[in-house]
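Just so you know, the protein sequences line up as chains A and B, in that order.
If you read the first sequence in our numbering, its first letter stands for residue 839, the second for the next number, and so on.
If you read the second sequence in our numbering, its first letter stands for residue 47, the second for the next number, and so on.
Glycine included, C-beta positions come from ideal geometry on N, C-alpha and C.
For clarity, every value in this text was computed on a predicted model and none was experimentally measured.
Below is one structure, written out as structure tokens; comments come after it.
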Amino acid sequence: QKEVEQDPGPLSVPEGAIVSLNCTYSNSAFQYFMWYRQYSRKGPELLMYTYSSGNKEDGRFTAQVDKSSKYISLFIRDSQPSDSATYLCAMNRYNFNKFYFGSGTKLNVKP
Amino acid sequence: DTGVSQDPRHKITKRGQNVTFRCDPISEHNRLYWYRQTLGQGPEFLTYFQNEAQLEKSRLLSDRFSAERPKGSFSTLEIQRTEQGDSAMYLCASSTGTSGPSYNEQFFGPGTRLTVL
């Protein structure tokens with residue numbers, strides 16, 4: 839079983855829709871949770887970072903962590919065609935140097 | 047541009063040849079990571095440096111792979127006797143700090159795409 843599971847998609851939505859992206863994980867020791875956006879043939883770009891449980895909002899993006907369910911989410915409001923990319927979740931343990939990534943969900947926002 | 051840079055961006059080589067990639071992290075970042083990413087997968091951790099010390103290596107890093115970070119600045123990743131299974135995007139990332147947000151916020155370079163024929 840992989841440490842981090844993520845639905846690969848693709849997820850296709852119309853412009854302006856609310857998008858929900860999710861990851862599940864198996865290691866209850868994970869405390870730091872990140873979301874990255876990766877455009878085709880580019881390196882990942884950090885979008886959101888959260889520590890432990892709770893919500894964090896940044897503009898159109900909201901990250902949610904539910905440690906009891908080992909489930910994290912990224913919500914994108916008012917989605918734009920420029921949001922079309924692969925979204926990767928990542929996580930790690932306190933004071934550990936190895937980061938675990940999901941396989942990524944490909945999002946397509948249609949104009 | 048003060049982001050993470052990687053060179054070359056693309057490398058095509060024949061099976062059995064050696065290749066070397068370079069990563070220049072953000073100048074004040076003391077932590078440097080190498081990852082490998084294959085099509086449809088997320089980045090897989092290969093190795094980690096804190097300054098010039100290589101502190102962690104994945105079991106994915108076979109004895110054909112070696113990484114260095116002399117003087118704690120740029121880093122090189124060498125693959126000897128390349129195999130077709132080594133074809134992937136090799137990503138470098140850097141971060142700073144000792145714990146908390148800055149520790150966990152990695153900044154990635156554009157990657158080096160390796161094709162082994």
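> Is A:N893 closer than 7 Å to A:S950 when the C-beta atoms are compared?
Replying inline: As shown, chain A starts at 839 and ends at 949. That puts residue 950 of chain A outside it, with no answer to give.
> Does any C-beta atom of chain B lie closer than 7 Å to the C-beta of A:G892?
Replying inline: In the first sequence, counting from the first residue as 1, residue 892 of chain A sits at position 54. It does not: the Cβ of A:G892 has no partner Cβ on chain B nearer than 7 Å.
> If you measure from the beta carbon of B:E98 to each beta carbon in chain A, is any gap under 7 Å?
Replying inline: Along the second sequence, read from residue 1 onward, the residue named residue 98 of chain B stands at position 52. It does not: the Cβ of B:E98 has no partner Cβ on chain A nearer than 7 Å.
> Taking only beta-carbon atoms, is A:K948 less than 7 Å away from chain B?
Replying inline: Position 110 of the first sequence holds residue 948 of chain A. False, the Cβ-Cβ gap to chain B never drops below 7 Å.
> DSSP beta-bridge partners for B:T59?
Replying inline: Position 13 of the second sequence, counted from the first residue, corresponds to residue 59 of chain B. DSSP, once it has assigned bridges, lists B:V162 as partnering B:T59.
> Can you name the residues of chain A whose CB is closer than 7 Å to the CB of B:P156?
Replying inline: Your numbering for residue 156 of chain B matches position 110 in the second sequence. Ordered by position in chain A, the residues that pass the 7 Å Cβ test against B:P156 are K880 and G881.
> Would B:N150 count as contacting chain A if we go by Cβ distances under 7 Å?
Replying inline: What you label residue 150 of chain B is simply residue 104 of the second sequence in a count that begins at 1. Taking Cβ atoms only, chain A reaches closer than 7 Å to B:N150, which makes this a yes.
>> Cutting at 7 Å between CB atoms, please list the residues of its own chain near B:Q63, excluding the five before and the five after it.
In response: Residue numbering aside, residue 63 of chain B sits at position 17 when the second sequence is read from its first letter. The residues are T128.
> Whole-angstrom Cβ separation of A:E843 and A:G942, contact assumed at under 8 Å?
Replying inline: Position 5 of the first sequence, counting from 1, holds the residue named residue 843 of chain A. Position 104 of the first sequence, counting from 1, holds the residue named residue 942 of chain A. Not confirmed; about 11 Å, so no contact.
> Mind pulling the alpha helix (DSSP H) runs of 4 or more residues that sit fully within the region 62-132 of chain B?
Replying inline: none
> Looking only at C-alpha atoms, which of B:R105, B:V162, B:Q96 and B:M135 sits nearest to B:D53?
Replying inline: Here residue 53 of chain B is taken as the residue at index 7 of the second sequence, counted from 1. Looking at the Cα atoms, B:M135 is the closest of the given residues.
> Considering A:Y932, what are the terminal residues of the beta strand (DSSP E) in which it resides?
Replying inline: Translated into the one-based positions of the first sequence, residue 932 of chain A becomes position 94. Element bounds for A:Y932: n/a, residue is neither H nor E.
> At a cut of 8 Å, does the region 855-863 of chain A reach the region 899-910 of chain A through at least three beta carbon pairs?
Replying inline: yes
> Within the 7 Å Cβ cut-off, does B:P71 reach chain A?
Replying inline: As a position in the second sequence, residue 71 of chain B is number 25, starting the count at 1. Chain A contact via Cβ: absent.
> Which value, in whole angstroms, describes the spacing of the CA atoms of B:S104 and B:F91?
Replying inline: Counting from 1 along the second sequence, the entry for residue 104 of chain B is found at position 58. Counting from 1 along the second sequence, the entry for residue 91 of chain B is found at position 45. Near 7 Å, if we compare the C-alpha coordinates of B:F91 and B:S104.
> DSSP on A:F920, reduced to helix/strand/coil?
Replying inline: Position 82 of the first sequence, counted from the start, is the residue given in the question as residue 920 of chain A. Residue identity check: residue 920 of chain A is Ser in the sequence provided, not Phe. In this structure, A:S920 counts as helix in the three-state DSSP scheme.
> My guess is that B:F153 and A:L884 are in contact by the Cβ rule of under 8 Å, so how many angstroms apart are they, rounded?
Replying inline: Taking the second sequence and counting its residues from 1, the one referred to as residue 153 of chain B is at position 107. Taking the first sequence and counting its residues from 1, the one referred to as residue 884 of chain A is at position 46. So it is a contact: roughly 7 Å between Cβ atoms.
>> Tell me the rounded alpha-carbon separation between A:P919 and A:A855.
In response: Counted from its first residue, the first sequence places residue 919 of chain A at position 81. Counted from its first residue, the first sequence places residue 855 of chain A at position 17. C-alpha separation (whole angstroms): 11 Å.
>> Cβ closer than 8 Å: which chain B residues qualify as neighbours of A:S941?
In response: As a working note, residue 941 of chain A is residue 103 in the first sequence. Near A:S941 (Cβ distances below 8 Å), the residues of chain B are G86, Q87 and G88.
> Using 7 Å as the limit for Cβ to Cβ distance, is A:Y887 near chain B?
Replying inline: Taking the first sequence and counting its residues from 1, one reaches residue 887 of chain A at position 49. Yes, because at least one Cβ of chain B sits closer than 7 Å to the Cβ of A:Y887.
> With 16 as the cutoff for other CB atoms within 10 Å, does A:Q876 come out buried or exposed?
Replying inline: Stepping through the first sequence from its first residue, residue 876 of chain A is reached at position 38. By the neighbour-count rule (16 or more Cβ atoms within 10 Å), A:Q876 is buried.
>> Short of 7 Å Cβ to Cβ, which residues in the region 917-929 of chain A face chain C?
In response: The structure shown has no chain C; the protein chains it does contain are A and B.
> Since B:S140 contacts B:R77 with CB under 8 Å, what's their CB separation in whole angstroms?
Replying inline: Locating residue 140 of chain B in the second sequence gives position 94, where the first residue counts as 1. Locating residue 77 of chain B in the second sequence gives position 31, where the first residue counts as 1. Correct: roughly 6 Å between the Cβ atoms.
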